[in-house]
């Protein structure tokens with residue numbers, strides 16, 4: 101009897117949800133925005149009230165969607181998640197923002213416009229918590245800019261903007277720090293119950309996945325076509341085609357097999373690495389791929405290293421038969437042939453983290469930092485003053501522009517000049533080099549640097565110094581060539597044993613933590 105009551109309550113709630121949904125979609129077509137707001141508010145208040153009343157019967161699913169709000173893929177994922185909540189109203193959901201925080205400085209992929217947009221979203225969440233999910237739903241579907249949408253919702257825009265300007269940055273900083281802590285840099289990224297969902301989002305993929313996972317499906321699932329485009333049709337090891345057109349009431353997916361081929365991925369460590377997302381992309385694009393992941397330290401891995409001699413890992417090797425795959429043309433610009441047969445990815449398609457052909461220098465820790473980066477003073481002081489780190493990590497100049505084209509701006513010339521000084525001073529004047537860095541930390545990029553050598557601790561003949569620096573240019577060219585093999589445009593990174601590469605964000609606490617962990621290790625990893 102109790103079970104019957106439970107199903108009856110669920111049925112009544114779903115019926116109410118569908119009815120409200122039909123009403124609101126009809127009302128949204130009217131030209132009277134006040135009526136639209138009233139019915140939208142009624143709908144979402146009804147959902148909130150019912151969620152509260154039935155919390156004990158919830159599936160306990162919590163969705164956290166990380167996005168860049170100026171990213172079209174992020175907004176497609178938000179639309180997808182909003183539709184999931186329509187079909188499964190008892191599930192909890194929230195949106196978090198992706199960015200970087202260094203002290204009080206916030207940076208986002210979309211620049212200042214995205215940061216402002218993020219703070220407006222957070223202003224709605226703080227000032228109008230009972231309408232926040234309504235806002236997210238409308239934001240996902242509306243072409244209007246956020247400010248105009250807030251006016252359409254009849255919210256107090258000046259009040260929200262005041263909060264966004266006054267408190268918004270500090271609240272947004274928490275979002276950015278959390279995304280950095282979780283190493284989330286891709287929009288969109290979804291966590292379900294705290295676990296990363298590593299399947300693609302958008303195009304109602306999430307909704308279809310959830311609808312297929314329950315039996316029976318909620319009635320709301322039947323309102324949506326199974327697909328709109330061929331790429332919406334995803335099934336393990338299958339090619340999907342969206343069947344739609346005349347005589348088809350709701351589009352549906354049709355699946356078939358693709359050509360089979362081996363895809364071997366040689367990786368450096370067993371921890372989550374940069375290859376994971378790309379493997380998932382390849383399996384989706386080329387469903388005939390028979391993927392095997394091999395660690396470089398195993399017997400099979402050593403054989404692959406000897407056979408293909410890859411300069412960097414992860415190393416992707418595609419069997420020759422990939423040429424017959426249905427979507428090979430989509431892959432062709434990303435790969436190149438290898439001498440031993442088959443294909444591999446072109447350089448920089450995947451982020452590299454291990455360089456097996458470089459000479460191993462056990463115990464060496466090198467921090468590469470851009471001499472002109474905003475926080476270079478903090479970085480230098482960490483190396484000079486932090487107990488346990490000072491004197492144990494070698495500082496090398498990073499040249500981020502080498503990752504890009506050959507156009508060299510003035511800033512790049514200044515950067516190279518300073519990098520040359522670092523290399524010559526560390527090599528020819530090792531005892532005086534720390535004193536120079538200490539001064540440079542206070543006055544980065546100063547044109548008055550020669551006068552520093554009049555100080556007692558840096559007493560060097562200036563003319564001799566200039567001659568030594570000029571004489572170091574040929575060796576600097578070799579340094580540039582070597583560094584270009586390991587850089588991916590980072591402002592800061594670490595090389596361990598001359599082989600392992602670790603990326604470091606421009607964040608003081610993280611740098612100290614990573615260096616301390618590395619220095620505690622008694623052997624290479």
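Residue numbers (the working numbering): 101 to 625. Note that the Cβ used here is the ideal one computed from N, Cα and C, for glycine as well.
Cβ distance (whole Å) where residue i is taken to contact residue j below 8 Å
{"i": "residue 496", "j": "residue 619", "result": "Contact flag wrong, Cβ pair sits at about 17 Å."}
{"i": "residue 185", "j": "residue 178", "result": "11 Å between Cβ atoms; not a contact."}
{"i": "residue 246", "j": "residue 220", "result": "5 Å"}
{"i": "residue 204", "j": "residue 164", "result": "The pair is not a contact, with the Cβ atoms about 25 Å apart (cut-off 8 Å)."}
{"i": "residue 287", "j": "residue 173", "result": "6 Å"}
{"i": "residue 442", "j": "residue 419", "result": "5 Å"}
{"i": "residue 550", "j": "residue 532", "result": "At roughly 14 Å, the Cβ-Cβ gap does not stay under 8 Å, so residue 550 and residue 532 are not in contact."}
Short Cβ contact (8 Å threshold) for residue i with residue j
{"i": "residue 451", "j": "residue 385", "result": "no"}
{"i": "residue 161", "j": "residue 275", "result": "no"}
{"i": "residue 222", "j": "residue 304", "result": "no"}
{"i": "residue 484", "j": "residue 538", "result": "yes"}
{"i": "residue 591", "j": "residue 456", "result": "no"}
{"i": "residue 361", "j": "residue 421", "result": "yes"}
{"i": "residue 414", "j": "residue 363", "result": "no"}
{"i": "residue 306", "j": "residue 206", "result": "no"}
{"i": "residue 94", "j": "residue 583", "result": "Any property of residue 94 remains undetermined from this structure, which presents the chain solely from 101 to 625."}
{"i": "residue 75", "j": "residue 255", "result": "Past the edges of the chain, shown from 101 to 625, lies residue 75, and the structure says nothing about it."}
{"i": "residue 280", "j": "residue 201", "result": "yes"}
{"i": "residue 264", "j": "residue 216", "result": "yes"}
{"i": "residue 329", "j": "residue 342", "result": "yes"}
{"i": "residue 454", "j": "residue 542", "result": "no"}
{"i": "residue 298", "j": "residue 368", "result": "no"}
{"i": "residue 234", "j": "residue 244", "result": "no"}
{"i": "residue 446", "j": "residue 436", "result": "yes"}
{"i": "residue 394", "j": "residue 404", "result": "yes"}
{"i": "residue 627", "j": "residue 224", "result": "There is no way to answer for residue 627, as the model of the chain reaches only from 101 to 625."}
{"i": "residue 475", "j": "residue 515", "result": "no"}
{"i": "residue 387", "j": "residue 430", "result": "no"}
{"i": "residue 615", "j": "residue 480", "result": "no"}
{"i": "residue 214", "j": "residue 302", "result": "no"}
{"i": "residue 586", "j": "residue 486", "result": "no"}
For residue i, the first and last residue of its enclosing alpha helix (DSSP H)
{"i": "residue 269", "result": "268 to 281"}
{"i": "residue 219", "result": "211 to 227"}
{"i": "residue 163", "result": "Unbroken run through residue 163 is the beta strand (DSSP E), 162 to 167; no alpha helix (DSSP H)."}
{"i": "residue 251", "result": "246 to 252"}
{"i": "residue 237", "result": "232 to 241"}
{"i": "residue 363", "result": "Per DSSP, residue 363 belongs to no alpha helix (DSSP H); it is in the beta strand (DSSP E), 361 to 367."}
{"i": "residue 400", "result": "399 to 408"}
The beta strand (DSSP E) enclosing residue i, as first and last residue numbers
{"i": "residue 340", "result": "339 to 343"}
{"i": "residue 297", "result": "295 to 297"}
{"i": "residue 469", "result": "465 to 469"}
{"i": "residue 380", "result": "Residue 380 -> not in any beta strand (DSSP E); alpha helix (DSSP H) instead, spanning 375 to 385."}
{"i": "residue 428", "result": "Careful: residue 428 lies outside any beta strand (DSSP E), inside the alpha helix (DSSP H) at 428 to 432."}
{"i": "residue 542", "result": "Here residue 542 belongs to no beta strand (DSSP E); instead the alpha helix (DSSP H) covers 533 to 542."}
{"i": "residue 395", "result": "389 to 395"}
{"i": "residue 435", "result": "435 to 437"}
- Message: Can you confirm whether the stretch 330 to 346 touches the stretch 391 to 402 when touching is taken to mean that 3 or more C-beta pairs between the two stretches lie within less than 8 Å?
- Response: Short answer: they don't touch.
- Going along the chain, which unbroken runs of the beta strand (DSSP E) with 3 or more residues stay wholly within the stretch 475 to 529? When DSSP assignments are scanned along the stretch 475 to 529, the uninterrupted stretches of beta strand (DSSP E) that are 3 or more residues long and fall wholly within it turn out to be 494 to 497.
- 3 or more residues per run - each beta strand (DSSP E) lying fully within the stretch 545 to 623: Segments of the beta strand (DSSP E) lying fully in the stretch 545 to 623: 592 to 596, 600 to 603.
- Message: Contact between the stretch 459 to 468 and the stretch 591 to 604 is defined here as three or more beta-carbon pairs at a separation below 8 Å; is this criterion met?
- Response: Touching, yes.
- Whole runs of the beta strand (DSSP E) within the stretch 179 to 206, excluding any shorter than 3 residues: The qualifying runs are 192 to 197, 200 to 202.
- Query: Would the stretch 308 to 318 and the stretch 186 to 205 be scored as touching if the rule is three or more Cβ pairs under 8 Å?
  - Reply: The count of Cβ pairs closer than 8 Å, one atom from the stretch 308 to 318 and one from the stretch 186 to 205, reaches three, so the stretches are in contact.
- Item | Cβ contact (3+ pairs, closer than 8 Å) linking the stretch 521 to 533 and the stretch 572 to 581 | Contact holds: three or more Cβ-Cβ distances are below 8 Å.
- Task: Only counting runs of 4 or more residues, tell me where the alpha helix (DSSP H) segments fall wholly within the stretch 300 to 345, in order along the chain.
- Result: At a cut-off of 4 residues, the continuous stretches assigned as alpha helix (DSSP H) that sit fully inside the stretch 300 to 345 are 305 to 313.
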